[in-house]
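All letters in the sequence shown, in the order written, are residues -8 to 233 by my numbering.
C-beta: ideal position from N, C-alpha, C; glycine also.
Working notes for the structure below.
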Amino acid sequence: MAKNAPLGLVGLVLMGASLLFLFFIILAGVSTKTPFNKTYFLQADTSGIDGAHDISQWTFFYVCGEGNTDCGGAKAALPFGQAWNQDAKNVPEGIAGSHHGTSNKYYLLSRFGWVFLLLALFFGALTFFSSFLACCGRLGSAIATFVSFFALLCHAVASSLLTALYALAQKKFEADGRQARLGRYGLGFLWGSFAALLLSVVVFSAGIKKSDNSGNASRGGRFWRSKSNRSYEGRRVKDDYS
C-alpha cells in the first residue's frame, strides 16, 4: 500500500482538478460571480435576430446575455438554435435551419457534445472515488485506470465536438459581419479538464506497472536466494564426503 499511495494521491488530485473545471463549465449561468460570469463557449452579436439578445453567450445549460445575465431557461442537451426563435429571420447563413432554428450539423454537434460531456462527468466522478482504491495496490490502480479510460474517451469526443461547433459558428457570425469570439474561460476549462484527466490515466497506469516491477523484483530475489542456498548445500555435502 505504501508504494502505491503517492501515485494514488497524485491521481486523486488530478481527478479533483478535472472535475472542478467541469463544474465551472456546468454552473456557468447559475451565478454572476467570477469565474461563472466569464465562462461561456461563444459570445456573438445576435442583434436583429428574432427572439435573441443583442449579445448572446452560449453556456452548458443556458443561452445568456452579456456577462451571463438574463439567461433563458435551463435546457438539457442545449441546441445551438436555442438563442433565437424557431423560424427567426437574420440568422447567419450556414447556421439557419429547421432543427430548433439551426441546420442539422449545428443541431447534432451541440446535442452530442452536451451528452458526451455529461458522460465524461459521470465516469470522472466514478474515477475520483476509485482513486482511493489506487492507493491500496495494483488491483485498485487497475480499476481506476479502467474507469478513467472511459471518462477520457467521452471527454475527448465531447471536447472535440464542442470546440468544432463553436469555432465553426464563430466563423459564420464573422462572415455575416457580426462580432463573435470564443470563450477563453469556457474552452480553457474544457481542455484543462481533459489534460488533467489524461495525466491521471497515465498516473494510474504507472501504479500498475510499478506494482508489476516490484513483484518481479521480489520473485527474482527469492529465486537467486534459493539457488544460492542450493549451491551452498551442495558444496557442504561434497566437503563432508571428501
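Residue burial classification, residue i (beta-carbon count within 10 angstroms, cutoff 16)
{"i": "S22", "result": "exposed"}
{"i": "G174", "result": "buried"}
{"i": "A111", "result": "buried"}
{"i": "A65", "result": "exposed"}
{"i": "A166", "result": "exposed"}
{"i": "D36", "result": "buried"}
{"i": "S47", "result": "buried"}
{"i": "A171", "result": "buried"}
{"i": "Q77", "result": "exposed"}
{"i": "A67", "result": "exposed"}
For residue i, the nearest candidate out of the options (CA to CA)
{"i": "G14", "options": "P70, P(-3) and F51", "result": "The sequence given here has Phe at residue 14, not Gly. Nearest of P70, P(-3) and F51 to F14, Cα basis: F51."}
{"i": "T93", "options": "G177, G(-1) and L159", "result": "L159"}
{"i": "G20", "options": "N59, L0, F195 and W105", "result": "N59"}
{"i": "F141", "options": "R172, F113, L153 and G177", "result": "F113"}
Euclidean distance between Cα positions of residue i and residue j
{"i": "F164", "j": "W75", "result": "14 Å"}
{"i": "L124", "j": "G131", "result": "4 Å"}
{"i": "G179", "j": "K29", "result": "11 Å"}
{"i": "I199", "j": "G128", "result": "8 Å"}
{"i": "S89", "j": "R102", "result": "15 Å"}
{"i": "A155", "j": "K162", "result": "11 Å"}
{"i": "G116", "j": "L69", "result": "Note that residue 116 is Ala in the sequence shown, not Gly. The alpha-carbon atoms of A116 and L69 are separated by roughly 22 Å."}
{"i": "G168", "j": "W182", "result": "29 Å"}
{"i": "H91", "j": "L18", "result": "24 Å"}
{"i": "G85", "j": "W49", "result": "18 Å"}
{"i": "P83", "j": "L109", "result": "29 Å"}
{"i": "G211", "j": "L100", "result": "With a pLDDT of 47 at G211, under the threshold of 50, the modelled position of this residue cannot be trusted; read the value that follows with caution. Going by the C-alpha atoms only, they are around 54 Å apart."}
{"i": "V4", "j": "A79", "result": "46 Å"}
{"i": "N95", "j": "K24", "result": "35 Å"}
Same chain, Cβ closer than 6 Å to residue i, five either side skipped, listed in chain order
{"i": "S121", "result": "I134, A135 and V138"}
{"i": "S184", "result": "S9, F12 and L13"}
{"i": "H146", "result": "A111, F185 and L188"}
{"i": "A(-4)", "result": "C126"}
{"i": "A43", "result": "T37, A74 and W75"}
{"i": "D45", "result": "S38"}
Own chain partners of residue i with C-beta closer than 8 Å, once the 5 adjacent residues on each side are dropped
{"i": "N81", "result": "G39, I40 and D41"}
Beta carbon of residue i nearer than 7 Å to that of residue j
{"i": "F71", "j": "Y31", "result": "no"}
{"i": "L152", "j": "G104", "result": "yes"}
{"i": "L33", "j": "Y157", "result": "yes"}
{"i": "A149", "j": "F119", "result": "no"}
{"i": "S191", "j": "G56", "result": "no"}
{"i": "L(-2)", "j": "V194", "result": "yes"}
Same chain, Cβ closer than 7 Å to residue i, neighbours up to 5 away in sequence not counted
{"i": "Y53", "result": "G20, C62, G63 and A65"}
{"i": "P26", "result": "F15 and Y176"}
{"i": "A197", "result": "L(-2)"}
{"i": "G7", "result": "F119"}
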